[in-house]
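Chemist: My structure is below; once you've seen it, I'll send some questions.
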Amino acid sequence: MKSMKKLMTLGMASLLAFSLAACNGNNDEGASDNEGGKEKVELSFWAFGSTGYEDLVKQYESENPDVKIKFRSAETAEHHDALFTALSAGSGAPDIAMLEVDQLDRFKAAQDRFANLYEYGAKDVQDQYLDWKWNTGEITGEDFLLGMPTDIGPKALYYRTDVFEAAGLPTDPEEVTALINSPEAFKEAGIKVKEATGKPFVDSIEMAFRAKLDPAVETYLNPEGELILDQEGSAVKAAWDYAVELHEAGLVGKYDMWTPEWASAVNTGDFAAELGAGWLKGWMEGNAPDAVGLFRVATLPTEFAANWGGSYISVPSETEHAQEAYDFIEWLVSPENQLKSFQSHGLFPSAPSVYEMPEFTANEDEFFGGQVSSAVFAQAAQDIDGIVYKGEKYFPVHQQIVDGLKNVVNGGDPEEEWEAAVKRAKDLVSR
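So the sequence shown is residues -21 to -1, 1 to 410, counted in mature numbering (1 follows the signal peptide of the UniProt record, and there is no 0).
This is the structure:
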């Protein structure tokens, strides 16, 4: 039964990849432009999520009439599975492909299926982007760039001013940053909120866990694919212990992100703070109407400074138009167009020159009481240091640990749940 299910899953992924390839037609040799007598290049571009790139594609086509780009966007998991299937088959991949950062190591393992963007001009623009973002797109130890940097997800502290005020805490962002300047101070603020209001400080134990997990350079696996989460000095165990500590102090809620209960709690202020990335503000503005003016954003303690999310854009090596594909990508992720993507769809820029542009610095948020929240995330982006290695099996291993933490919230013994979660992770990796 398991084998049949696996075959059906692979079949569906293959069918999706074939369908996308058929729609995008990336194997076209290029058509003649009847008016100018020039070869018209057709490129296929696979993306995921809500990016607004379709509008930029139209702009690029109008400025480059000899280039036609067939754009398609799918759900995140669907997109990556279809792309991986096409790359594995050696045919059917697009000319241009968007890669989510947490999926990046999975595709780095298929390095030979991608063009090295350094060969097409990427080094000329390297200094326009944050070092850590750029370096993450490289193949470690090699002069090989797999993807050009697009958006990022610097984390900050979203907090309810009404809940903070009721707990006797400051509400001004700079004062909050000064007060909550360490993991210990974070816990102390949470205790004050709990004692004064009865509300949890953070929404869920997973977010408490990610506070220390996300900044770690090594988490579950090393570059050799070995599980390291239970080694001495493990960042995962330190994050686990901190999350359990906050739970045992009564500071953790049971609002799992993206559930209806969580959305309602954000709207009504049933917990005090969220450790979220820059992209979360867009969701809040569109989905928490009762919270307008009640949230602010402050810089997290240095120990919590991290990136959560973002993407890259790559060129599969089977394309016959690698240079034209790269030229479009370089234009798409330029600082000027990253500003447009930020303004239209909240994609936070990885090009620091955008942080100085007037349209960015004057971007007051009504939802956040007129605060220029983008400045907080810009600072957070520049506080991040180092490349975080995740590995091909990051997601399934992560889920085993999160499941263990949820068992703790429901009454499980922390050490027994840790040992059980580690065993499940080892079994998963060994398969």
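The beta carbon of each residue, even a glycine, is placed where N, CA and C say it ideally should be. This structure is a prediction, so every number in the text was calculated from the model and none was measured.
How many Å lie between A195 and A214 at the Cα?
Modeler: Distance between the alpha carbons of A195 and A214: 6 angstroms.
Chemist: Opposite F327 in the DSSP bridges: which residues?
Modeler: Answer is I131, bridged to F327.
Chemist: Measuring only the C-alpha atoms, how far is I159 from T64?
Modeler: One C-alpha to the other measures close to 46 angstroms.
Chemist: Report yes if the C-beta distance between K134 and A285 is below 9 angstroms; otherwise report no.
Modeler: Yes, Cβ-Cβ distance for K134 and A285 is below 9 angstroms.
Chemist: What does DSSP give as the partner residues of N286 in its beta bridges?
Modeler: DSSP, once it has assigned bridges, lists P133 as partnering N286.
Chemist: For G255, which beta-bridge partners are listed by DSSP?
Modeler: Paired residue(s): A135.
Chemist: Leaving out the 5 sequence neighbours to the left and right, which residues in its chain are closer than 8 angstroms to D141 when beta-carbon positions are compared?
Modeler: Around D141: G248 and L273.
Chemist: From V312 to I170, what distance separates their C-alpha atoms?
Modeler: For V312 and I170, the distance between alpha carbons rounds to 43 angstroms.
Chemist: Less than 9 angstroms between CB atoms is the rule here; does D382 satisfy it with respect to chain C?
Modeler: In the displayed structure, chain C is absent; only one protein chain is listed.
Chemist: Considering just the uninterrupted stretch of the beta strand (DSSP E) at W25, what are its terminal residues?
Modeler: Taken as a continuous stretch (DSSP letters only), the beta strand (DSSP E) holding W25 covers E18 to F27.
Chemist: Quick check on this structure: which residue in G147, D34 and T115 has the alpha carbon closest to the alpha carbon of K369?
Modeler: Checked all of G147, D34 and T115; the closest Cα to K369 is T115.
Chemist: Give every residue of the same chain whose Cβ lies closer than 7 angstroms to the Cβ of A88, excluding the five residues on either side of it in the sequence, and list them in chain order.
Modeler: Closer than 7 angstroms at Cβ, skipping near neighbours: E371.
Chemist: Using a 10 Å radius around the Cβ and a threshold of 16 neighbouring Cβ atoms, would you call K49 buried or exposed?
Modeler: So K49 counts as buried.
Chemist: Would you tell me roughly how many angstroms separate the C-alpha atoms of Q38 and W397, rounded to the nearest one?
Modeler: Roughly 52 angstroms separates the two Cα atoms.
Chemist: Are L225 and K166 closer than 9 angstroms when you measure CB to CB?
Modeler: It is a contact, given that the beta carbons lie within the stated cut-off.
Chemist: Y291 bridges to which residues according to DSSP?
Modeler: DSSP, once it has assigned bridges, lists L78 and P128 as partnering Y291.
Chemist: Report all residues from its chain with a CB closer than 6 angstroms to the CB of E240; omit the five preceding and five following residues, and keep chain order.
Modeler: Only Y234 meet the Cβ criterion.
Chemist: For D74, which option in V367, T119, G255 and T298 has the closest C-alpha, if you only look at C-alpha atoms?
Modeler: Closest option to D74, Cα to Cα, is T298.
Chemist: Cβ of G289 within 9 angstroms of Cβ of I131?
Modeler: A contact, by the Cβ cut-off of 9 angstroms.
Chemist: Go to K37, then tell me how far its alpha helix (DSSP H) extends in each direction, as first and last residue.
Modeler: Where K37 is concerned, the enclosing alpha helix (DSSP H) stretches over Y32 to E42.
Chemist: Use the C-beta contact count for N201: other C-beta atoms within 10 angstroms, 16 or more gives buried, fewer gives exposed.
Modeler: So N201 counts as exposed.
Chemist: For E42 and N316, I'd like the C-alpha separation in whole angstroms.
Modeler: So the alpha carbons of these two residues sit roughly 14 angstroms apart.
Chemist: Check for me: the alpha helix (DSSP H) holding V181 runs from which residue to which?
Modeler: Per DSSP, V181 belongs to no alpha helix (DSSP H) and is neither H nor E.
Chemist: Which runs of the beta strand (DSSP E), 3 residues or longer, sit entirely within the region 69 to 123?
Modeler: Qualifying beta strand (DSSP E) stretches, in chain order: 75 to 79.
Chemist: Answer yes if the region 377 to 391 comes into contact with the region 208 to 222, meaning at least three C-beta pairs across the two stretches below 8 angstroms, and no otherwise.
Modeler: With a cut-off of 8 angstroms, the region 377 to 391 and the region 208 to 222 count as touching, because enough Cβ pairs lie within range.
Chemist: Who pairs with F165 in a beta bridge, going by DSSP?
Modeler: None; F165 has no bridge partner.
Chemist: Using three-state DSSP, classify Q317 as helix, strand or coil.
Modeler: It is helical.
Chemist: In whole angstroms, what is the alpha-carbon distance linking E14 and Y334?
Modeler: Below a pLDDT of 50, predicted positions are generally treated as unreliable, and E14, at 49, falls in that range; no measurement from the model is reported.
Chemist: Closer than 6 angstroms by C-beta to S161: which residues in its own chain qualify, once you throw out the five before and the five after it? Chain order, please.
Modeler: Closer than 6 angstroms at Cβ, skipping near neighbours: P280.
Chemist: Compute the Euclidean distance between the alpha carbons of F93 and K319, then round it to the nearest angstrom.
Modeler: Using only the alpha carbons, I get a separation of about 28 angstroms.
Chemist: My guess is that Y99 and V276 are in contact by the Cβ rule of under 8 angstroms, so how many angstroms apart are they, rounded?
Modeler: No, Y99 and V276 are not in contact; Cβ-Cβ is about 38 angstroms, not under 8 angstroms.
Chemist: Which residues mark the beginning and the end of the beta strand (DSSP E) in which V46 is found?
Modeler: Here the beta strand (DSSP E) through V46 covers V46 to A53.
Chemist: To the nearest angstrom, report how far apart G245 and A267 are at their CA atoms.
Modeler: Reading off the sequence, residue 245 comes out as Val, not Gly. When rounded, the distance between both Cα atoms is 7 angstroms.
Chemist: Under 8 angstroms, with one C-beta from each stretch per pair, do the region 181 to 198 and the region 147 to 159 reach the 3-pair mark?
Modeler: No: fewer than three Cβ pairs fall under 8 angstroms.
Chemist: With H, G and I counted as helix, E and B as strand and the rest as coil, what does DSSP make of V388?
Modeler: Three-state result, V388: helix.
Chemist: Measure the CB-CB distance between S293 and Q107 and report whether it falls below 9 angstroms.
Modeler: It is not a contact, given that the beta carbons lie outside the stated cut-off.
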